[in-house]
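S.K.:
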Amino acid sequence: MLLRGLVLLMAAALLCGCETARSGLDYSETVRRIGPPKAGQARVVVFREKGYGGIGDPDWAFSLDGTPVKGLKTGTYVYVDRPAGQHQFMAEEAALGVTRVDFSAQSGQTVFFVTRMSERKSAMIANASTGLLGWGLTLAMTSGYKNQGPLDFLPLDEQAARTTIAELKLAE
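In structure tokens form, the structure reads like this:
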């Protein structure tokens, strides 16, 4: 009995203390290799801050202008070059709703966004163990939240973004 308790305690400590080390390129190395955006293009950089990503640390599904962007996990960034102009992020999750964020980018510009779990999704996760009634009540209580979808895309100025992204790795 004591042995089983010790094994479970060690397993819990390992799961709770995990922070996955990322092995991709850091941002300065990526920029050095790929250079600036091509003429008429803008670069969109989205990152997810370091922290505990949960068991398995799944990537957050979202799209940019209808094209899926994959691989964004805790402590990583992704970048996409797009034609200058209007663009839209979209993230959708069943039972939650849709996040839509419109923005514009100029030719040669790099725009930075940090993505975080929305308040509504955080509330849903916090009340996940309360059963179907709790889930329904949480949906009702959060129905007035500004963002009904699963993710927030928060624009950052270049200086703040470069400070934060310096510690992150390119998503695989």
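Under mature numbering (1 follows the signal peptide of the UniProt record, and there is no 0), residues -21 to -1, 1 to 151 are what the sequence shown spells out, in order.
Glycine included, every Cβ here is placed at the ideal spot set by N, Cα and C.
Remember, predicted model here, so these are calculated numbers, not experimental data.
1. Along the chain, where does the alpha helix (DSSP H) containing residue 117 start, and where does it finish?
2. Per DSSP, which one or two residues make a beta bridge with residue 133?
3. Could you spell out where the beta strand (DSSP E) holding residue 7 opens and where it closes?
4. Out of 4, 36, 42, which one is the CA nearest neighbour of residue 78?
5. Counting Cβ pairs, one atom from each stretch, are 3 or more of them under 8 Å apart for the segment 67 to 78 and the segment 120 to 129?
6. Using 8 Å as the threshold, is the C-beta distance between residue 82 and residue 25 below it?
7. How many Å lie between residue 35 and residue 151 at the Cα?
8. According to DSSP, what are the bridge partners of residue 71?
9. Could you check whether residue 45 and residue 27 sit closer than 8 Å to each other, using their CB atoms as the reference points?
10. For residue -14, which three-state DSSP category applies?
11. For residue 61 versus residue 23, is the C-beta spacing smaller than 8 Å?
M.R.: Per the coordinate set shown:
1. Here residue 117 refers to the residue found at position 138 when the sequence shown is read from its first residue. From DSSP, the alpha helix (DSSP H) with residue 117 extends over 110 to 120.
2. Position 154 of the sequence shown, counted from the start, is the residue given in the question as residue 133. According to DSSP, which records beta bridges pairwise, residue 133 is partnered with 93.
3. Residue mapping note: residue 7 aligns to position 28 of the sequence shown, counting from 1. Where residue 7 is concerned, there is no enclosing beta strand (DSSP E), although the alpha helix (DSSP H) it sits in stretches over 6 to 13.
4. Taking the sequence shown and counting its residues from 1, one reaches residue 78 at position 99. Of the candidates 4, 36, 42, the one whose C-alpha sits nearest the C-alpha of residue 78 is 42.
5. yes
6. Walking along the sequence shown from the start, residue 82 turns up at place 103. Walking along the sequence shown from the start, residue 25 turns up at place 46. No, the Cβ-Cβ distance between residue 82 and residue 25 is not below 8 Å.
7. Numbered from its first residue, the sequence shown carries residue 35 at position 56. Numbered from its first residue, the sequence shown carries residue 151 at position 172. Answer to the nearest angstrom: the Cα atoms are 15 Å apart.
8. Stepping through the sequence shown from its first residue, residue 71 is reached at position 92. DSSP, once it has assigned bridges, lists 77 as partnering residue 71.
9. What you label residue 27 is simply residue 48 of the sequence shown in a count that begins at 1. What you label residue 45 is simply residue 66 of the sequence shown in a count that begins at 1. No, Cβ-Cβ distance for residue 27 and residue 45 is not below 8 Å.
10. The sequence position of residue -14 within the sequence shown is 8, counting from 1. Note that residue -14 has pLDDT 45, beneath the 50 cutoff, so the model's placement of it is unreliable and the number below is only indicative. Three-state DSSP puts residue -14 in a helix.
11. Along the sequence shown, one-based indexing puts residue 61 at 82. Along the sequence shown, one-based indexing puts residue 23 at 44. Going by C-beta atoms, residue 61 is nearer than 8 Å to residue 23.
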